[in-house]
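To keep things clear, I will list the structure first and then write my remarks on it.
Protein chains: 2
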Amino acid sequence: MIKGVLLDLSGVLYVGDRALPGALAAVDKLERSGLPVRFVTNSSRSTRSMILEKLTRMGFAIPPEHIYTAPMAVRRYLREHDLRPFLIIHPQLEAEFADFHRQDPNVVVLGDAGPAFEYESLNTAFRLLLKGAPLLSVGDNRYFMDHDGLSLDVGPFMAGLEYAAGTRALVLGKPAAEFFHGALAEIGCRPDEAVMIGDDAASDVLGALRAGLRGVLVRTGKYRPGDEQMIAAQGVVAEDIGAAVEWICQKKRQAPE
Amino acid sequence: MIKGVLLDLSGVLYVGDRALPGALAAVDKLERSGLPVRFVTNSSRSTRSMILEKLTRMGFAIPPEHIYTAPMAVRRYLREHDLRPFLIIHPQLEAEFADFHRQDPNVVVLGDAGPAFEYESLNTAFRLLLKGAPLLSVGDNRYFMDHDGLSLDVGPFMAGLEYAAGTRALVLGKPAAEFFHGALAEIGCRPDEAVMIGDDAASDVLGALRAGLRGVLVRTGKYRPGDEQMIAAQGVVAEDIGAAVEWICQKKRQAPE
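Sequences listed follow chains H and W, in order.
Anchor point for the first sequence: position 63 equals 1470 in this note's numbering, and the numbering is continuous, going up by one each time.
Anchor point for the second sequence: position 244 equals 1651 in this note's numbering, and the numbering is continuous, going up by one each time.
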């Protein structure tokens, strides 16, 4: 019985700047299915409004409130704990954090900063960690599928700082159970009635399974042969977003109502 | 019975560009003691001749052949295995590797690259690792004591790439047993007759203990209170290089000859 759907964006709906084959039709079908949907992403190379613009440009019709991002979860955490962040984030994400006090920082925040991962800023972060500042990260993803191939995501830099300072990061995006549950709370859906679709076997699918959801791994985006082994028998594997939505709609039809 | 001495350089003899108090006299005493000596360093921010120049400028009188560096061990490894390196190293170390073929690289080499740790080069390295290239590192050091405080060493970037590509680096400098044994081979000394002095509890002292040497931890350089706990009862703790050399000379006098 499936009553709500979470989906990853990059690698599931598109790669680089191009919609994946069948993705437009699949999203359309899903949004018309009556099932509540949230697009959940650790993507932190752009703001939510930039993500929306990009989706619209590619032809997806997704309401803004259906998008739930890890940077949004970070914002909420910083506000709740009244923290002053030292940010290592992508230049395009700076606007999302423009309203935070940043002098005398007392927490390190890592996003998928791309070219902003530089020695000097990482070293400043390291020194703050040594002084006891906690380390927050939008995710622990190892890599993502960029337009020219697999590329380093935030995870390796998080792991490096953890190793340097002998500390552990608090991950606020996927695969944290709190993140999945936060998205489900918005659509009023229990974990055992929800399914998560993603191309990252560890962060999307294993994370969802551990948070009590079902998980579907798609063989697009960053998927690499053998990734199925990570999700064992609990997860479902689908060729792409089209096949995953087809499977969900069948499950929905099978459900006794 | 001590018949040979290995010493770390940065943080033991000097910090930044300044000799530590008592270090000049201690090195002088050690070099006159008759004990064979090697200065063993993972330092990879400069070539051996630059290290020598710096030592001379600070007043140390150390013969070139007494210095044994991790980049020298890397050079030897690359030659022996006929490898074409993709180098992420400090700009000042480039000269040391100028004679290697670097087109179509089939191995990734990490040094303490400092500002040369950039997203683009790390991403290129990551893609080579995914294609099966091995990962070599001059060390796994977490940090070193720079003139303005503790700073990130090569280890965190090594750990990040290991995490990203799901691989393990081959460390050719300290704490690899082979590195200590290579230095001891030069002075014809067995591990159980040798002692290593360092400010890095993990890389210098634990590494030496595991390689069968004795180990002395000095409370200078990157030493932080509590580091003693890492080396347990096996290692010796000395206030600084002066006290460590004093201890060694006593041990030497006590030895039955």
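Every residue gets a Cβ at the ideal spot worked out from N, C-alpha and C, and that includes glycine.
Quick caveat: nothing in here was measured; it's all calculated off a predicted structure.
When the Cα atoms are used, H:Gln1657 and H:Ala1651 turn out to be separated by approximately 10 Å.
W:Gly1562 counts as buried, since no fewer than 16 other beta carbons sit within 10 angstroms of its beta carbon. Neighbours of H:Ser1558 in chain W, taken as residues at a C-beta separation under 7 Å, are given in chain order as Asn1530. Among the bridge pairs identified by DSSP, W:Val1412 is matched with W:Val1444 and W:Val1602. Note on geometry: alpha-carbon atoms of W:Leu1485 and W:Pro1492 lie some 8 Å from one another. Taking a 10 Å sphere around the C-beta of H:Arg1439, we find fewer than 16 other C-beta atoms and assign the residue as exposed. For W:Ala1426, the secondary structure class from DSSP, reduced to helix, strand or coil, is strand. Taking 8 Å as the upper bound on Cβ-Cβ separation, chain W lies near no residue of the region 1646-1658 of chain H. Spanning the alpha carbons of W:Gly1411 and H:Phe1564 requires a straight line of approximately 40 Å. Annotation for W:Val1561: the continuous alpha helix (DSSP H) segment containing it runs Val1561 to Ala1572. For W:Tyr1484, the enclosing alpha helix (DSSP H) covers residues Ala1477 to Glu1487. Residues of the same chain with a CB within less than 6 Å of the CB of H:Leu1462, apart from the 5 flanking positions on each side, are Ile1469 in chain order.
H:Tyr1630 carries a coil assignment under DSSP once its states are collapsed to helix, strand and coil. Taken in chain order, the whole beta strand (DSSP E) runs of length 3 or more contained in the region 1505-1589 of chain W are 1514-1517, 1542-1544, 1550-1553 and 1556-1559. When DSSP reads this structure, W:Leu1591 sits in no beta bridge, so it has no partner. With a cutoff of 8 Å on beta-carbon distance, H:Phe1533 and W:Leu1559 are scored as near each other.
Distance from the CA atom of W:Phe1507 to the CA atom of W:Pro1598, rounded to whole angstroms, is 33 Å. The criterion of a C-beta distance shorter than 8 Å is satisfied by H:Val1422 and H:Gly1628. In the DSSP assignment, W:Val1652 falls within the unbroken alpha helix (DSSP H) covering Ile1648 to Gln1661. Look at W:Ala1640 here: in three-state DSSP terms it is coil, with no helix or strand label. At a cut-off of 8 Å between beta-carbon atoms, H:Gly1633 makes no contact with chain W. Inclusion of H:Ala1433 and H:Gly1649 in the CB contact set at 8 Å is warranted, their separation being smaller than that value. Taking 9 Å as the cut-off between beta carbons, the residues of the region 1535-1546 of chain W near chain H are Leu1537, in sequence order. Apart from the 5 residues on each side of it in sequence, W:Tyr1475 sits with its Cβ closer than 6 Å to the Cβ of Arg1445, Val1447 and Ala1590 in its chain, given in chain order. Of all residues in the region 1507-1531 of chain H, those with a C-beta nearer than 9 Å to a C-beta of chain W are Ala1520, Gly1521, Pro1522, Ala1523, Phe1524, Glu1525, Tyr1526, Glu1527, Leu1529 and Asn1530, reading in chain order.
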